[in-house]
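> Before we start, here is the structure in question, set down as structure tokens.
Number of protein chains: 2
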Amino acid sequence: MTDAKWLNDEQLVVWTRFVAVLQLFPAALDAQLERDAQLTHFEYFTLAMLSEAPQRTMRMTALAGFTTASLARLSRVVSNLEKRGYAKRQPCPEDRRATNVTLTQDGWQKVVATAPGHVDLVRSIVIDTLTAEELTQLSTISAKLLSKLDPQARMVATARSQTPPPV
Amino acid sequence: MTDAKWLNDEQLVVWTRFVAVLQLFPAALDAQLERDAQLTHFEYFTLAMLSEAPQRTMRMTALAGFTTASLARLSRVVSNLEKRGYAKRQPCPEDRRATNVTLTQDGWQKVVATAPGHVDLVRSIVIDTLTAEELTQLSTISAKLLSKLDPQARMVATARSQTPPPV
Numbered sequence: 001m002t003d004a005k006w007l008n009d010e011q012l013v014v015w016t017r018f019v020a021v022l023q024l025f026p027a028a029l030d031a032q033l034e035r036d037a038q039l040t041h042f043e044y045f046t047l048a049m050l051s052e053a054p055q056r057t058m059r060m061t062a063l064a065g066f067t068t069a070s071l072a073r074l075s076r077v078v079s080n081l082e083k084r085g086y087a088k089r090q091p092c093p094e095d096r097r098a099t100n101v102t103l104t105q106d107g108w109q110k111v112v113a114t115a116p117g118h119v120d121l122v123r124s125i126v127i128d129t130l131t132a133e134e135l136t137q138l139s140t141i142s143a144k145l146l147s148k149l150d151p152q153a154r155m156v157a158t159a160r161s162q163t164p165p166p167v
Numbered sequence: 168m169t170d171a172k173w174l175n176d177e178q179l180v181v182w183t184r185f186v187a188v189l190q191l192f193p194a195a196l197d198a199q200l201e202r203d204a205q206l207t208h209f210e211y212f213t214l215a216m217l218s219e220a221p222q223r224t225m226r227m228t229a230l231a232g233f234t235t236a237s238l239a240r241l242s243r244v245v246s247n248l249e250k251r252g253y254a255k256r257q258p259c260p261e262d263r264r265a266t267n268v269t270l271t272q273d274g275w276q277k278v279v280a281t282a283p284g285h286v287d288l289v290r291s292i293v294i295d296t297l298t299a300e301e302l303t304q305l306s307t308i309s310a311k312l313l314s315k316l317d318p319q320a321r322m323v324a325t326a327r328s329q330t331p332p333p334v
């Protein structure tokens, strides 16, 4: 444990705290959404992404990229959302080999009904807990972590956090 | 969407970035550990907690608290670790109704063999990516988030991040 590559005490404290956040936060998001809307956070995130897309429609491959899910996992999730009437898959008109997924009117209403309670949770844990300065720090830190976690900037958050390349 | 309770643009950027980190980081931890050690991050975390406990032994209820897993989930995980020879459950000598779980010698060697590669990943994504100042900021921010995510300080990281109450 005296390897130069080991974490020192300070680094270990940062990591231990942060890994606890990584473990507890997703569970808290799932718990609130399952209790209030019978949705996992991943399902809510999928519906929310569709709600912001033009015509509330995305290609499955693009949605998989944005959510960084495998197509297999996303297919299972979308299939469940379809059964509940929140989304609908159909062949892409421009490319019959591709599949589009569209948020239905019921899906849109589900997002509208679910968002306020979800925002309340995010607010109570993050936004109202940190100072304005800490929020800015968290934003910068997250962008740096995303540069390693998502080097190809497939996720919206990563893409938005990078300046466009010079033309 | 003009509700005063809604997130403003700056808050939305912080949250969108941070939620991407929450989604991608656990997947990256799982991927590295499954590839290199055929362990999920939760399994590794469980073994690592045991490796630091006195006599490498903890009560199942205490371990569930530290990992913030339900007893049912932890039982499944420990059962898998037992089958692979890394852990062993037995009745607690002081309280026969309670169950202890002990890291075996094979389990200890698994932690020792797995830790360096795992630390390399943590180092490459977090420690070497952030400045010393940002690491300190992340530590403070994580402690504040844990005060909301784990108000009873059941997790080691939370307990360590709080000063002891005055006697």
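So the sequences go chain by chain: A and B.
Count the first sequence with our numbering and you get residues 1 to 167, in order.
Count the second sequence with our numbering and you get residues 168 to 334, in order.
Built from N, CA and C at the ideal position, the CB exists for glycine as well.
As the structure is a prediction and not an experimental result, all values here were calculated from the model.
1) For residue 254(B), does the three-state DSSP call read helix, strand or coil?
2) What three-state label does DSSP hand residue 265(B) in the structure shown?
3) If you drop the 5 nearest sequence neighbours on each side, which residues of the same chain put their C-beta closer than 8 Å to that of residue 81(A)?
4) Report buried or exposed for residue 223(B), applying the criterion of at least 16 other Cβ atoms within 10 angstroms of its Cβ.
5) Excluding five sequence neighbours on each side, which residues of the same chain lie with their C-beta closer than 8 Å to the C-beta of residue 74(A)?
6) Taking only runs of the alpha helix (DSSP H) that begin and end inside the region 106 to 165 of chain A, which ones reach a length of at least 4 residues, in chain order?
7) To the nearest angstrom, how far is the alpha carbon of residue 218(A) from that of residue 131(A)?
8) Could you check whether the Cβ of residue 20(A) sits closer than 8 Å to any Cβ belonging to chain B?
9) Kindly list the residues whose CB is nearer than 8 Å to the CB of residue 133(A), restricted to its own chain and excluding five residues on each side of it in sequence; keep chain order.
10) Taking residue 306(B) as the query, report the chain A residues whose CB atoms sit under 7 Å from its CB, ordered along the chain.
11) At which residues does the alpha helix (DSSP H) containing residue 226(B) begin and terminate?
12) Pull up the CB-CB distance for residue 33(A) and residue 41(A), whole angstroms please, since I reckon it's below 8 Å.
13) Residue 316(B) versus chain A: which residues are under 7 Å apart at the beta carbon?
From the atom records:
1) Strand.
2) Reduced to three states, the DSSP call for residue 265(B) is strand.
3) Hits under 8 Å: 43, 46, 47, 87 and 107.
4) Buried.
5) 46, 60, 63, 64 and 67.
6) For the region 106 to 165 of chain A, whole alpha helix (DSSP H) runs of length 4 or above, ordered along the chain, are 132 to 149 and 156 to 161.
7) For residue 218(A) there is no data in the structure shown, the boundaries of chain A being 1 and 167.
8) Yes, residue 20(A) lies at the interface with chain B (some Cβ there is under 8 Å from its Cβ).
9) Nothing meets the Cβ criterion.
10) Those within 7 Å of residue 306(B) in chain A are 13, 14 and 17.
11) Residue 226(B): not part of any alpha helix (DSSP H); member of the beta strand (DSSP E) spanning 224 to 226, first to last residue.
12) Going by Cβ atoms, the distance from residue 33(A) to residue 41(A) rounds to 6 Å, so yes, they are a contact pair.
13) Those are 21, 24, 25, 28 and 125, listed as they occur along chain A.
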